[in-house]
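The structure under discussion appears below in the form of structure tokens.
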Amino acid sequence: MPYCAIYGCTNHNQNSTVKFYTFPKDKALCQKWKHLCYREDHINVRTATICSVHFSSDSFDTPLKYKLLNYRPKNLRDLKKDAIPSLHLPRPQRKECKSSRENRMERKEQRGILKNILIESNLKSTFQNSEPSSTHSDEDNESRQDLSLTPINSRAEDGQMIVLMTSVNEEITSLKEENRQLKTANDILVQTNQELKYENQSLRSELENLKTYISTEVNNKIHESLSRIFTPGQITSLLSQQQPKKILWKNDDIASAISLRSISSKCYRYLRIKLHYPLPAPSTLRKWIARIEFSPGILHNVLTIMKNKSNKADNFRKIVALSFDEMSLSKLMDFDTKKEMVIGPHNNVQVVFVRAINANWKQPIFYNFDEAMKRDVLFDIINSVERAGFHVISITSDMGPGNRALWRELNISPSNCSFSNPFDDKRPIFVFADAPHLLKLARNHFVTKGFTFDDKVASKDCLLEMLDQAAKHDLKVPFKLTESQIFISDKQRVKTAAQLFSHANAKALEYYGQRNLLDKNSTSWEPTAEVLLKFNNWFDVFNSSIPHTPQIEKNGYGLNMIQQNQIINEMLCLMERLQVRGSKDSDGI
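Numbering of the sequence shown is given in UniProt numbering, commencing with residue 1 and proceeding in unit increments.
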């Protein structure tokens with residue numbers, strides 16, 4: 001069972017909260033670890049370990065994914081390669097220092113030994129120099145020795161004291177010099193320590209600022225990258241350290257989720273369950289929708305959401321247009337459980353959409369059953385949209401009887417195509433007829449009666465003859481023309497009208513007419529081809545939906561202003577001359 005090698009530490013591997021690390025293989029670093037253990041006995045570095053209690057948080061290696069998220073787990077496991085123990089270390093065992101009294105006693109003993117040595121040395125030299133002759137008696141020698149001991153001892157003590165004083169003075173001088181040098185070194189170390197403290201404090205402050213800056217920059221980069229795909233609520237859910245039990249979804253999150261689920265409920269479940277996309281649960285969507293009031297009239301809840309969106313948009317993207325139309329209903333009845341009332345049967349519903357001019361979005365903001373659009377209702381809708389922060393510049397509708405009555409209320413005529421904005425009378429609102437509806441009306445007149453202009457006739461007869469001629473040959477020049485475009489069964493389909501008034505049919509008619517292949521309509525093919533071609537070019541300009549296409553007339557209006565205005569002017573000139581055959585109106589269609 002491994003124990004911690006630090007002197008005095010009692011941690012072992014039965015403590016589940018502590019991790020043990022083996023000594024590093026680097027010899028220099030391993031020697032530092034051994035020194036910090038403060039052990040006098042031998043340490044086997046192959047089997048010895050040190051517990052995680054003795055390492056600071058800076059000694060552990062933080063994974064990159066936690067650094068990017070500015071998250072630091074409490075229990076990191078991997079040590080850095082140069083980590084050394086620095087916490088909860090024992091105090092180093094100091095060798096016992098002798099006291100000042102013991103030092104004095106030792107010096108005194110040394111002086112005594114030195115004194116005896118000097119006395120013995122002086123006595124020997126004196127006796128050798130004054131040795132008595134053989135003629136003297138022993139008594140004389142003893143008397144002489146007694147007489148000479150006193151001065152010899154006195155001289156020896158004086159010499160000894162001189163040597164001792166000199167040695168002591170030299171030692172004192174040396175100690176004073178050493179003390180002075182130590183004080184100077186201590187002052188330098190104190191000053192250096194203070195400077196290092198200031199530098200350390202400054203570096204720590206700079207490090208904290210850098211951590212804050214890096215964390216902010218990383219969060220901004222992550223939000224910027226993820227905001228292209230996810231909503232703010234989804235980004236918050238993705239970046240949270242733990243999956244919250246309950247997420248407070250915002251209106252933008254719910255709205256985008258409803259849009260996705262309306263496209264495909266299976267796709268929504270797959271993204272949410274299998275791929276773990278942060279999406280609200282279907283029950284959340286149902287509860288959110290149940291709280292929204294969708295009563296007939298202006299949808300004020302929808303406009304409130306639009307107002308929040310408009311606060312983040314620039315004025316260029318706040319320019320919108322209104323379009324409204326009647327939709328036929330199946331005349332069924334239904335029961336509203338929330339309001340406890342019966343709905344229906346109704347013949348039609350009037351629906352108003354607001355559509356961005358410089359952005360790709362549209363939103364229904366009004367509906368009502370069996371109600372034609374009136375001037376007061378239209379002005380209320382415009383004021384509501386303007387108060388939501390958007391700028392209405394146009395309205396678009398078909399030319400049904402109810403809408404023509406509205407145009408008369410607004411004084412709209414061929415010479416006046418705008419009226420004052422009820423929210424700001426300095427800004428006009430332009431009125432447009434629905435281009436697909438105009439094309440359908442023109443097609444209906446063309447296949448039923450035909451057109452006349454400048455004493456010329458444009459009718460379906462030459463098209464039928466061209467179909468008969470094409471059936472006799474293997475190569476079909478009018479490859480787009482079919483009888484279903486002429487003998488129509490559904491007058492509401494725009495596609496068949498656009499196929500009839502097409503560039504291909506006009507060019508095929510010119511091909512047959514210039515080669516005298518149309519015997520019955522040798523004089524009417526040219527005005528018919530002119531009508532088909534000009535209706536085709538006009539519809540391409542009015543129905544443009546993308547900025548750039550190979551055909552100039554299909555580009556977004558304004559990119560080829562000269563050519564597009566020329567097409568509109570040619571169509572306007574034709575409209576002023578064109579009449580339905582058999583009609584008594586001489587003002588043109």
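C-beta: ideal position from N, C-alpha, C; glycine also. As the structure is a computational prediction, the values presented were derived from the model and not from experiment.
{"Asked": "Pick out whichever of Lys495, Asn543 and Gly450 has its Cα sitting closest to the Cα of Gln564.", "Found": "Asn543"}
{"Asked": "Going by other Cβ atoms of all chains shown within 10 Å of its Cβ, with 16 needed for buried, is Met373 buried or exposed?", "Found": "buried"}
{"Asked": "Which residues in the same chain have their Cβ closer than 7 Å to the Cβ of Ala470, if we skip the five residues on either side of it in sequence?", "Found": "Lys476, Val477 and Pro478"}
{"Asked": "For the candidate residues Asn416, Asn421 and Asn411, whose alpha-carbon lies nearest to that of Phe390?", "Found": "Asn421"}
{"Asked": "So is Thr173 buried or exposed if we call it buried at 16+ other beta carbons inside 10 Å?", "Found": "exposed"}
{"Asked": "Using a Cβ-Cβ cut-off of 8 Å (strictly less than) and excluding sequence neighbours within five positions of Gly582, which residues of its own chain qualify?", "Found": "Lys449"}
{"Asked": "Contact defined as beta carbons within less than 8 Å: I believe Asp370 pairs with His346. What is the distance between those atoms, to the nearest angstrom?", "Found": "5 Å"}
{"Asked": "Rounding to the nearest angstrom, what Cα-Cα distance links Gly233 and Lys426 in this structure?", "Found": "41 Å"}
{"Asked": "Within a Cβ cutoff of 6 Å, which residues of the same chain sit near Ile343, ignoring the five residues on either side of it in sequence?", "Found": "Asp334 and Asp336"}
{"Asked": "Of all the beta strand (DSSP E) runs that stay within the bounds of the region 265 to 320, which reach a length of 3 or more residues?", "Found": "none"}
{"Asked": "Pull the bridge partners of Ile343 from the DSSP assignment, please.", "Found": "Asp334"}
{"Asked": "So does the region 379 to 386 actually touch the region 403 to 416, counting three or more Cβ pairs closer than 8 Å?", "Found": "no"}
{"Asked": "When DSSP builds the beta bridges, which residues end up paired with residue 601?", "Found": "Residue 601 lies beyond the range of the chain shown here (1 to 589); nothing can be said about it."}
{"Asked": "Could you work out which residue in Cys51, Val190 and Val431 is closest to Asn411 when comparing CA atoms only?", "Found": "Val431"}
{"Asked": "What separation, rounded to the nearest whole angstrom, lies between the Cα atoms of Asp78 and Thr62?", "Found": "8 Å"}
{"Asked": "First and last residue of the alpha helix (DSSP H) that includes Asn522?", "Found": "Checking the sequence shown, residue 522 turns out to be Ser, not Asn. From DSSP, Ser522 is part of no alpha helix (DSSP H); its letter is neither H nor E."}
{"Asked": "Distance, Cα to Cα, Leu500 vs Asp454?", "Found": "23 Å"}
{"Asked": "Quick check on the burial criterion: 16 or more other C-beta atoms within 10 angstroms. Buried or exposed for Trp249?", "Found": "buried"}
{"Asked": "If you check the beta carbons only, do Lys440 and Val494 fall under 8 Å apart?", "Found": "yes"}
{"Asked": "Among Leu322, Lys176, Pro296 and Ala433, which one has its Cα closest to the Cα of Pro401?", "Found": "Ala433"}
{"Asked": "Can you tell me whether Ala529 is buried or exposed, with buried defined as 16 or more other CB within 10 angstroms of its CB?", "Found": "buried"}
{"Asked": "If you run the structure through DSSP and keep just helix, strand and coil, what is His473?", "Found": "coil"}
{"Asked": "Which same chain residues end up closer than 8 Å to Lys331 when comparing Cβ atoms and leaving out the 5 residues on each side of it in sequence?", "Found": "Gly344, Pro345, His346 and Asn347"}
{"Asked": "Whose C-beta lies closer than 7 Å to the C-beta of Ala257 among residues of the same chain, with five residues either side of it excluded?", "Found": "Leu279, Pro280 and Leu285"}
{"Asked": "Run the CB neighbour count on Cys462, radius 10 Å, all protein chains shown included, and call it buried at 16 or more, exposed below.", "Found": "buried"}
{"Asked": "Measure how close the beta-carbons of Leu275 and Ile365 come, nearest whole angstrom, since I'm counting them as under 8 Å.", "Found": "No, Leu275 and Ile365 are not in contact; Cβ-Cβ is about 34 Å, not under 8 Å."}
{"Asked": "State buried or exposed for Cys4, treating a residue as buried only when at least 16 other CB atoms are found within 10 Å of its CB.", "Found": "buried"}
{"Asked": "Do we get a CB-CB distance below 8 Å when we pair Pro85 with the residues of chain C?", "Found": "Reference to chain C is not applicable here, since this structure consists of a single protein chain."}
{"Asked": "Give the secondary structure of Thr396 by DSSP, where H, G and I count as helix, E and B as strand, and everything else as coil.", "Found": "strand"}
{"Asked": "Sort out for me which residues DSSP pairs Ile429 with in a bridge.", "Found": "Phe419"}
{"Asked": "Could you pull the DSSP bridge partners for Phe451 from this structure?", "Found": "Ala458 and Val580"}
{"Asked": "Out of Leu164, Ala83, Met341 and Lys81, state which residue places its alpha-carbon closest to the alpha-carbon of Lys108.", "Found": "Leu164"}
{"Asked": "By the three-class DSSP mapping on this structure, what secondary structure does Asn348 have?", "Found": "strand"}
{"Asked": "Are Val377 and Val354 touching if we call contact CB-CB under 8 Å?", "Found": "no"}
{"Asked": "Since Lys19 and Ser52 should fall inside the 8 Å C-beta cutoff, what is the C-beta to C-beta distance between them, to a whole number of angstroms?", "Found": "5 Å"}
{"Asked": "In the DSSP assignment, find the beta strand (DSSP E) that holds Phe20 and state where it starts and stops.", "Found": "Phe20 to Thr22"}
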